[in-house]
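Chemist:
Protein chains in written order, with the working numbering: chain U, -7 to 256; chain E, 78 to 495.
#1: Given that residue 311(E) touches chain U, what residues does it touch there, using C-beta distances under 9 Å?
#2: Can you tell me where the alpha helix (DSSP H) holding residue 234(U) begins and where it ends?
#3: With hydrogens ignored, establish whether the beta-carbon of residue 297(E) is closer than 7 Å to any heavy atom of the ligand FAD.
#4: Who are the Cβ neighbours of residue 259(U) in its own chain at under 7 Å, not counting the five residues just before and after it?
#5: When the Cα atoms are used, what is the spatial distance from residue 153(E) to residue 453(E)?
#6: Looking only at its chain, what residues have a beta carbon closer than 8 Å to the beta carbon of residue 88(E), apart from the 5 residues adjacent to it on each side?
#7: In this structure, does DSSP put residue 7(U) in helix, strand or coil?
#8: Return no unless some Cβ of chain U is closer than 8 Å to the Cβ of residue 300(E).
#9: Per DSSP, what kind of secondary structure is residue 465(E) in: helix, strand or coil?
#10: Determine the chain E residues that contact residue 45(U) at a beta-carbon separation under 8 Å, and present them in chain order.
#11: Name, please, each residue of chain U whose Cβ falls closer than 8 Å to the Cβ of residue 374(E).
#12: Which bits of chain U does residue 221(E) rub up against, with CB to CB less than 7 Å?
#13: Per DSSP, what are the beta-bridge partners of residue 225(U) in this structure?
#14: How far does the alpha helix (DSSP H) with residue 178(E) in it extend, from its first residue to its last?
#15: What whole-angstrom Cβ distance do residue 402(E) and residue 208(E) have, given they're in contact under 8 Å?
#16: Considering only residues of the same chain and omitting the five flanking positions on each side of residue 90(E), which have a CB-CB separation below 8 Å?
#17: If you reduce the DSSP assignment to three classes, tell me which class residue 478(E) lands in.
#18: Given this structure, state the Cα-to-Cα distance separating residue 85(E) from residue 339(E), to the nearest angstrom.
#19: Which value, in whole angstroms, describes the spacing of the CA atoms of residue 53(U) and residue 290(E)?
#20: Distance, Cα to Cα, residue 180(E) vs residue 204(E)?
#21: So with Cβ pairs under 8 Å, would you call residue 400(E) a contact of chain U?
#22: Just to confirm, is the Cβ distance from residue 501(E) to residue 407(E) under 8 Å?
#23: Is it right to say residue 422(E) is buried, meaning 16 or more other beta carbons lie within 10 angstroms of its own, or is it exposed?
#24: Compare the C-beta of residue 363(E) against all C-beta atoms of chain U and say whether one is closer than 8 Å.
#25: Using 8 Å as the threshold, is the stretch 66 to 85 of chain U in touch with the stretch 16 to 34 of chain U, meaning 3 or more CB pairs across them?
#26: Kindly indicate the opening and closing residues of the beta strand (DSSP E) around residue 132(E).
#27: Kindly say whether residue 118(U), judged by its beta-carbon, lies nearer than 8 Å to any beta-carbon of chain E.
#28: Residue 16(U) bridges to which residues according to DSSP?
#29: Strictly below 9 Å CB to CB, what residues from chain E border residue 71(U)?
#30: Quick one: which chain U residues come within Cβ less than 8 Å of residue 444(E)?
#31: Counting along the chain, where does the beta strand (DSSP E) carrying residue 55(U) start and finish?
#32: Here's a check: name, in chain order, each residue in its chain whose Cβ is nearer than 8 Å to the Cβ of residue 278(E), leaving out the five neighbours to either side.
#33: Considering just the uninterrupted stretch of the beta strand (DSSP E) at residue 35(U), what are its terminal residues?
#34: Counting only the same chain and skipping the five closest in sequence on each side, list residues whose C-beta sits under 6 Å from that of residue 36(U).
#35: What residue range does the alpha helix (DSSP H) around residue 269(E) cover?
#36: Mind checking whether residue 203(U) and residue 159(U) have CB atoms under 8 Å apart?
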């Protein structure tokens, strides 16, 4: 017998619905993420991709639907709940404090404490610096010193540090919202390398991107959303041109695999 | 690792074994590199040093005399205490305009408690400090809970505490304080050790404390250097490290000698040193300090990391209120009375000191030790120009130029650093 945990998805979202006033952002979306899988999530603006991952990361509470983490029903009502369950979100350029150094950013909110006197907790800075250096080495992220302030890093380095930070504390699932937006071509290459490295080390990842070629390069499977519904869910296969054509067809509504399940 | 990322620091690390003339060259080069890399941090200390040298020469040494330095420190301490709190307020991107009259009002409460309510000094001081914290939390409630911009919320405080101060002193006018213990806070000196024959006329306990401070500093620096090396992180080259130890030791030793030549360390200086030590430790070594800087640098990131911006805002304004209480006590003690206009414009002096000390309006940048240097710079200017009999109107203009220069220096070095 195969061990059961292998077949249980790390994340399963069932029939997620979410409305903002009169706008139905999500109309019953299912999402499955398997262990050690990279799932690409694409769709036009306002298709519901960000809303869907924000439901998973605890930023939004869904109107309907259920979330299972490793087969267990989960109640996620704020970002700290999600974090406790091992779900880490890399926010687009929001995650870092420019005035702090790399080590301080990686450990922000998780500081290692060496002594405590009432509310005063003394940090073990050396330990955090050393751990940060190990983490960066392990992920092959190239930053000259963990004591550099984040404001002096390049865009690609910043994004890498933000991703490293999300993976530092035993995350089961890493969600990346547009990780390559506003980066140079060389920096995009490095961030994609980092995604591959994380997968090689066993992480499960959801990537949202407008850049189809990025999704094509790193994802095992791809989901397309349109008007708050899932319209496609296929393994990534074929050459890049076929892939692009197929995805665009789903995005603009020319194809739809789940048409019969649509309500209203 | 084969990639050279920072050529300057590579230079620094490689000056291990060179001889004679080369050693001298590498020493000068190390000094240059160090200054270039840390110009923002060291600039302030250099400027302070220059001001001291200028005034010492223009007043024929009167400025650096023991008596003047002691007076200068005592007259600065109540602003310096406020500047520490104000620096933290600005670090988290707020401002507090209410501190001046709150300080005056709390000083008046201390005077009332001592003179009319019959409270002993050991009860009056905690009462005033507690009221200060309450006042700070009230500002924090307006800012954090109700979302009122701190400028407006504390402007209301400015008006309110001004009224409260006048109300408290309306029936009595100036309240004279006759409590000796209370008045010693800003006018008294630490006792000396009696019965030692050597060095007559010199304050022995002050010398001992200064010596202890230097030894403690050297030991902690060496320990921290060892620890850093053990973790294989970069450290200063040995000659620069020794230079730093010698410079700081000479500075502390010099100040100690000057103070010991008069009546020794004043209680106001002791209070100031304690405040600075506690705040320095909290800001640089504790989780709370790091979270305060994170909230200042990027409130959204801090919140997403599980740090409550609201809680930090309460802590910072609470601490500001506490320091207002302390400052009020020190000022009332300094004057031996509470007056109807006490604290007028203290908030602007504190803000100026914070900016001269290197705080950034963009948030997240600013150090406690900077606030102290900033307060000392501004007070030294007033004191030195008074000794030179420079017209008061010109004094304001000079102080304006120094404030502007400090901020311009900070902004340009920051831009170049990017």
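Note that beta-carbon positions come from the ideal geometry of N, C-alpha and C, so glycine has one too.
Modeler: Here's the rundown:
#1: Reading the second chain from its first residue, position 234 is the one you call residue 311(E). Simply 137, 139.
#2: What you label residue 234(U) is simply residue 242 of the first chain in a count that begins at 1. 232 to 243 is the span of the alpha helix (DSSP H), which, as asked, contains residue 234(U).
#3: With respect to the ligand FAD, the structure shown offers nothing to examine, as it has no ligands at all.
#4: No answer is possible for residue 259(U): the residues shown for chain U start at -7 and end at 256.
#5: Within the second chain, numbered from 1, the residue matching residue 153(E) stands at position 76. Within the second chain, numbered from 1, the residue matching residue 453(E) stands at position 376. Cα to Cα, the separation comes out at about 7 Å.
#6: As a working mapping, residue 88(E) is identified with position 11 in the second chain. Confidence at residue 88(E) is low in this model, with a pLDDT of 41, below 50, so the placement of that residue should be treated as unreliable; the coordinate-derived value is given next. Excluding residues within five positions, the ones whose Cβ falls inside 8 Å are 106, 110.
#7: For the purposes of this step, residue 7(U) is taken as the residue at position 15 of the first chain. Strand, per DSSP.
#8: Against the second chain, residue 300(E) aligns to sequence position 223. No, residue 300(E) lies away from the interface with chain U (no Cβ there is under 8 Å from its Cβ).
#9: Counted from its first residue, the second chain places residue 465(E) at position 388. Correct three-state label for residue 465(E): coil.
#10: In the first chain, the residue the question calls residue 45(U) occupies position 53. Those within 8 Å of residue 45(U) in chain E number zero; the least Cβ separation is about 14 Å.
#11: Taking the first residue of the second chain as position 1, residue 374(E) is located at position 297. By Cβ distance, chain U contributes 89, 90, 91, 92.
#12: Here residue 221(E) is taken as the residue at index 144 of the second chain, counted from 1. Ordered by position in chain U, no residue passes the 7 Å Cβ test against residue 221(E), which lies about 18 Å from the chain.
#13: Here residue 225(U) corresponds to residue number 233 of the first chain, with the count starting at 1. Paired residues: 215(U).
#14: Indexing the second chain from 1 puts residue 178(E) at position 101. Note, residue 178(E): alpha helix (DSSP H), 176 to 192.
#15: Position 325 of the second chain, counting from 1, holds the residue named residue 402(E). Position 131 of the second chain, counting from 1, holds the residue named residue 208(E). With a Cβ gap of about 6 Å, residue 402(E) and residue 208(E) count as contacting.
#16: Taking the first residue of the second chain as 1, we reach residue 90(E) at position 13. Caution applies to residue 90(E), whose pLDDT of 43 falls short of 50 and renders its modelled position unreliable; the value that the coordinates give is listed next. 311, 314, listed in sequence order.
#17: As a working note, residue 478(E) is residue 401 in the second chain. In this structure, residue 478(E) counts as helix in the three-state DSSP scheme.
#18: The residue labelled residue 85(E) in the question sits at position 8 within the second chain. The residue labelled residue 339(E) in the question sits at position 262 within the second chain. Confidence at residue 85(E) is low in this model, with a pLDDT of 41, below 50, so the placement of that residue should be treated as unreliable; the coordinate-derived value is given next. Going by the C-alpha atoms only, they are around 45 Å apart.
#19: Working through the first chain from its first residue, we reach residue 53(U) at position 61. Working through the second chain from its first residue, we reach residue 290(E) at position 213. When rounded, the distance between both Cα atoms is 56 Å.
#20: Within the second chain, residue 180(E) is the residue found at index 103, counting from 1. Within the second chain, residue 204(E) is the residue found at index 127, counting from 1. Cα-Cα distance, rounded: 14 Å.
#21: Taking the second chain and counting its residues from 1, one reaches residue 400(E) at position 323. Closer than 8 Å: no.
#22: Past the boundaries of the shown model lies residue 501(E); chain E is included only from 78 to 495, so the question cannot be answered.
#23: Reading the second chain from its first residue, position 345 is the one you call residue 422(E). Exposed is the call here.
#24: On the second chain, residue 363(E) is found 286 positions in, with the first residue counted as 1. It does; some Cβ of chain U falls within 8 Å.
#25: no
#26: Locating residue 132(E) in the second chain gives position 55, counting from the first residue. Not the beta strand (DSSP E): residue 132(E) falls in the alpha helix (DSSP H), residues 116 to 135.
#27: On the first chain, position 126 is the one that residue 118(U) refers to. Chain E, which has a Cβ nearer than 8 Å to the Cβ of residue 118(U), makes this yes.
#28: Taking the first chain and counting its residues from 1, the one referred to as residue 16(U) is at position 24. The partner list for residue 16(U) (beta bridge, DSSP) reads 11(U).
#29: As a position in the first chain, residue 71(U) is number 79, starting the count at 1. Result: 380, 381, 383.
#30: By 1-based counting over the second chain, the position of residue 444(E) is 367. Within 8 Å Cβ-Cβ: nothing; residue 444(E) doesn't reach chain U, min ~12 Å.
#31: Taking the first chain and counting its residues from 1, the one referred to as residue 55(U) is at position 63. Segment: none, residue 55(U) is in no beta strand (DSSP E) and carries neither H nor E.
#32: As a first step, residue 278(E) is located in the second chain; it is residue number 201 there, counting from the start. The answer, listed in chain order, is 338.
#33: For the purposes of this step, residue 35(U) is taken as the residue at position 43 of the first chain. First-last of the beta strand (DSSP E) with residue 35(U): 30 to 35.
#34: Mapped onto the first chain, residue 36(U) falls at position 44. Excluding residues within five positions, the ones whose Cβ falls inside 6 Å are 243.
#35: Along the second chain, read from residue 1 onward, the residue named residue 269(E) stands at position 192. It is not in any alpha helix (DSSP H) - residue 269(E) carries neither H nor E in the DSSP assignment.
#36: On the first chain, residue 203(U) is found 211 positions in, with the first residue counted as 1. On the first chain, residue 159(U) is found 167 positions in, with the first residue counted as 1. Cβ atoms of residue 203(U) and residue 159(U): not closer than 8 Å.
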